[in-house]
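In my numbering, the protein residues as written are 43 to 186.
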Amino acid sequence: MRRKPMKVLLVATSLVVAGTALPAMASPKDDLPRERTAVMGTDKVQRQQVYVGNYYYRPDQITVKVGQPVELMFNIPDGVNKHTFVLFAPEAGLKINTAISQRNNMVTFTPTKTGSYTFYCNHQAGFLRPHSEQGETGTLIVVD
């Protein structure tokens, strides 16, 4: 009779280990570029696709030109948690705090001042730490 509780404990422990290790092993973030310069379209809008996963943005360093419109298009796979995009630097005309999802996956803005500005996800699920504290941050670099 004592073997059954031990088997249950062993199976439960295995499931917990697999549940925490498998998402990290399957994460595509390591295959995605960390740095990108947004591409200027013929319409003078700078565009950059941003991949969003559990606790990351890729690229997490995006370079854009000052005074030109920027369009970030977020690629969010099925099954990924809720996310936000916060970029708050009023001195540069940046006041963005929006939920992003498969339906709401685009942010547009025009930076008015050169510099480096941090963006992050402020979503927090229950008792867990906010996504930004788990690595879901990045830097917008605005150049002349």
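Every residue gets a Cβ at the ideal spot worked out from N, C-alpha and C, and that includes glycine.
Residue i, enclosing beta strand (DSSP E) - first and last residue
i: TYR93; result: 88 to 95
i: THR105; result: 103 to 107
i: LYS137; result: 136 to 142
i: GLY125; result: In the sequence under discussion, the amino acid at residue 125 is His, which differs from the Gly named in the question. Per DSSP, HIS125 belongs to the beta strand (DSSP E) from 125 to 131.
i: PHE151; result: 148 to 151
i: SER174; result: Unbroken run through SER174: none, as it is neither H nor E.
i: LEU182; result: 179 to 185
i: PHE116; result: 112 to 117
i: GLY157; result: 157 to 162
i: THR84; result: Premise fails: THR84 is in no beta strand (DSSP E) and is neither H nor E.
i: ALA76; result: Rather than Ala, the amino acid found at residue 76 in this sequence is Arg. No beta strand (DSSP E) holds ARG76; DSSP gives it neither H nor E.
Which listed residue (the options) has its alpha carbon closest to that of residue i
i: MET148; options: ALA134, ASP72, GLN91; result: GLN91
i: THR181; options: PHE169, PRO172, CYS163; result: CYS163
i: THR79; options: LEU114, ASN96, VAL94; result: LEU114
i: THR84; options: ASP73, PRO70, PRO111, ARG100; result: PRO111
i: THR160; options: LEU136, GLY95, ASN123; result: LEU136
i: VAL81; options: GLU175, HIS125, ASN139, THR105; result: THR105
i: PRO172; options: THR126, GLN144, VAL122; result: THR126
i: THR150; options: THR140, PHE169, VAL122, GLN176; result: THR140
CB of residue i within 7 Å of CB of residue j, strictly
i: PRO153; j: VAL108; result: yes
i: TYR93; j: GLU178; result: no
i: GLY95; j: LYS71; result: yes
i: LEU129; j: ILE138; result: yes
Nearest-angstrom beta carbon gap, residue j and residue i [assumed within contact, 8 Å]
i: ARG100; j: PRO75; result: 7 Å
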